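Asks: My questions will all concern the structure given below.
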Amino acid sequence: SDEAAFARRVLGVPQAKQKIVHNPTDPAFFVPATNKERLIAREKFDIPEDVPVLGSIGRLTDQKDPATLYRAFAKAARSHSSLLLLHIGEGPLERAIKVLSQELGVVGRIKRIPYQDEPRLFYSAIDGLVMSSTYEAGWPIVILEAMSCGLSFVTTTAPGMSDIGSAGLSHCWTAPVGDAGGLAVAMAHLVEDLETGRPCNHRTVIQQRFTPDCCYGAVCDLYERALSLNLGDRRELWPTD
């Protein structure tokens, strides 16, 4: 909806010419990890099996704002002594982020790994996902994948995700863009909630709203409807004024 609003406000695209179709993910591929899969994943990444682990996937660029992510993690880690961060990401801010990690005193608490050929291993190893983006083009694919795996997550309410906190998700915590303190509080809530065993509805939401059939099917339906109409009906579907 944020992208659609931008198109109307800045690009002048009429609302009647807009159709919002969400990004999909495949719940047959991204599934909750078994205990055995979790242990295998943690062994691969050299992570203890009995500690809480937050994960993040994002390039080391201003858009993904890794500095706020690391500052927030450092704050959360002070009150959760065993908390670790597993981060997949590379980019032009790599040197600055390395220096920041040293200044924050969290070098030993953050494990940064290269991009993975098998993304499910990453989701199997973590207890929750964290995103600190300054903007996105809709709900990020990594959040949808994490949801499909039944994981909790923390995210900013950046453009592209401003509605995610009000979407009825049971294990979603949010903070404003650039708010390291708010993000740290959200991380703490996620970690503390792990002990409650509350049922998570994220995978159900994916199965109901974000499957390839739902999302790509909506695109196909739009084309099929337009192609089946005569010229006058097509003008009615996509008015020019």
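In the numbering used here, the protein residues as written are 17 to 257.
We put the CB at the ideal spot given by N, CA and C, even for glycine.
Since we're looking at a predicted model, the values are computed, not measured.
(1) Under DSSP, the alpha helix (DSSP H) around residue 220 begins and ends at which residues?
(2) In the DSSP assignment, the alpha helix (DSSP H) including residue 163 goes from what residue to what residue?
(3) Taking the alpha carbon of residue 46 as the point to measure from, which residue in 108, 231, 153 and 140 has its own alpha carbon closest?
(4) Take the Cβ of residue 66 as the centre, count every other Cβ of all protein chains shown within 10 Å, and call the residue buried at 16 or more, exposed below.
(5) How many whole angstroms separate the CB atoms of residue 96 and residue 202, which I take to be in contact at a CB cut-off of 8 Å?
(6) Measure the C-alpha to C-alpha separation of residue 199 and residue 231 and round it to an integer number of angstroms.
(7) Put residue 114 into one of helix, strand or coil per three-state DSSP.
(8) Please say whether residue 222 and residue 50 have beta carbons closer to each other than 8 Å?
(9) Count the other CB atoms, across all protein chains shown, that sit within 10 Å of the CB of residue 74; report buried if there are 16 or more and exposed otherwise.
(10) Report the residue ranges of all alpha helix (DSSP H) runs contained in full by the stretch 27-73; include only those spanning at least 4 residues, in chain order.
(11) Taking 8 Å as the threshold (C-beta atoms), are residue 238 and residue 35 in contact?
(12) In the DSSP assignment, find the alpha helix (DSSP H) that holds residue 127 and state where it starts and stops.
(13) Counting C-beta neighbours from all protein chains within 10 Å, is the total for residue 58 16 or more, i.e. buried, or is it exposed?
(14) Using a Cβ-Cβ cut-off of 7 Å (strictly less than) and excluding sequence neighbours within five positions of residue 53, which residues of its own chain qualify?
(15) Cα-Cα, which of 32, 88 and 189 is closest to residue 99?
(16) Which residue comes first and which comes last in the beta strand (DSSP E) that contains residue 174?
(17) Quick check on residue 167: does DSSP put it in helix, strand or coil?
(18) What residue range does the alpha helix (DSSP H) around residue 190 cover?
(19) Between residue 170 and the ligand FAD, is the CB less than 7 Å from at least one heavy atom?
(20) In the DSSP assignment, what residue or residues form a beta bridge with residue 144?
Replies: Judging by the given coordinates:
(1) Locating residue 220 in the sequence shown gives position 204, where the first residue counts as 1. Note, residue 220: alpha helix (DSSP H), 218-225.
(2) Stepping through the sequence shown from its first residue, residue 163 is reached at position 147. It spans 157-164 - the alpha helix (DSSP H) in which residue 163 sits, taken as one unbroken run.
(3) Position 30 of the sequence shown, counted from the start, is the residue given in the question as residue 46. The option with the nearest alpha carbon to residue 46 is 140.
(4) Looking up residue 66 in the sequence shown gives position 50. Per the 10 Å Cβ criterion, exposed.
(5) For the purposes of this step, residue 96 is taken as the residue at position 80 of the sequence shown. For the purposes of this step, residue 202 is taken as the residue at position 186 of the sequence shown. Cβ atoms of residue 96 and residue 202 stay farther apart than 8 Å, at about 13 Å.
(6) Position 183 of the sequence shown, counted from the start, is the residue given in the question as residue 199. Position 215 of the sequence shown, counted from the start, is the residue given in the question as residue 231. Residue 199 and residue 231 have their C-alpha atoms some 30 Å from each other.
(7) Here residue 114 refers to the residue found at position 98 of the sequence shown. Note: residue 114 maps to helix in three-state DSSP.
(8) By 1-based counting over the sequence shown, the position of residue 50 is 34. By 1-based counting over the sequence shown, the position of residue 222 is 206. Taking C-beta atoms as the reference points, residue 50 and residue 222 fail to come closer than 8 Å.
(9) As a working mapping, residue 74 is identified with position 58 in the sequence shown. Burial of residue 74 is indicated by the presence of at least 16 other C-beta atoms within 10 angstroms of its C-beta.
(10) Uninterrupted alpha helix (DSSP H) stretches at least 4 residues long and entirely within the stretch 27-73 occur at 51-60, given in chain order.
(11) Position 19 of the sequence shown holds residue 35. Position 222 of the sequence shown holds residue 238. For residue 35 and residue 238, yes; Cβs fall inside 8 Å.
(12) Here residue 127 refers to the residue found at position 111 of the sequence shown. Here residue 127 belongs to no alpha helix (DSSP H); instead the beta strand (DSSP E) covers 126-129.
(13) Taking the sequence shown and counting its residues from 1, one reaches residue 58 at position 42. So residue 58 ends up on the buried side.
(14) The residue you call residue 53 lines up with position 37 of the sequence shown. If we look at residue 53 and ignore the five residues flanking it on each side, its Cβ neighbours are 140.
(15) Position 83 of the sequence shown, counting from 1, holds the residue named residue 99. Cα-wise, what sits closest to residue 99 is 88.
(16) Here residue 174 is taken as the residue at index 158 of the sequence shown, counted from 1. Bounds of any beta strand (DSSP E) do not take in residue 174, whose DSSP letter is neither H nor E.
(17) Residue 167 sits at position 151 when you count from the first residue of the sequence shown. In this structure, DSSP gives residue 167 a state outside helix and strand, which the three-state scheme calls coil.
(18) What you label residue 190 is simply residue 174 of the sequence shown in a count that begins at 1. Segment 188-191 is the beta strand (DSSP E) holding residue 190; no alpha helix (DSSP H) there.
(19) For the structure depicted, the ligand FAD is absent and the ligand set is empty, with no information on it obtainable.
(20) As a first step, residue 144 must be located in the sequence shown, where it is residue number 128. 70 and 168, per the DSSP bridge assignment.
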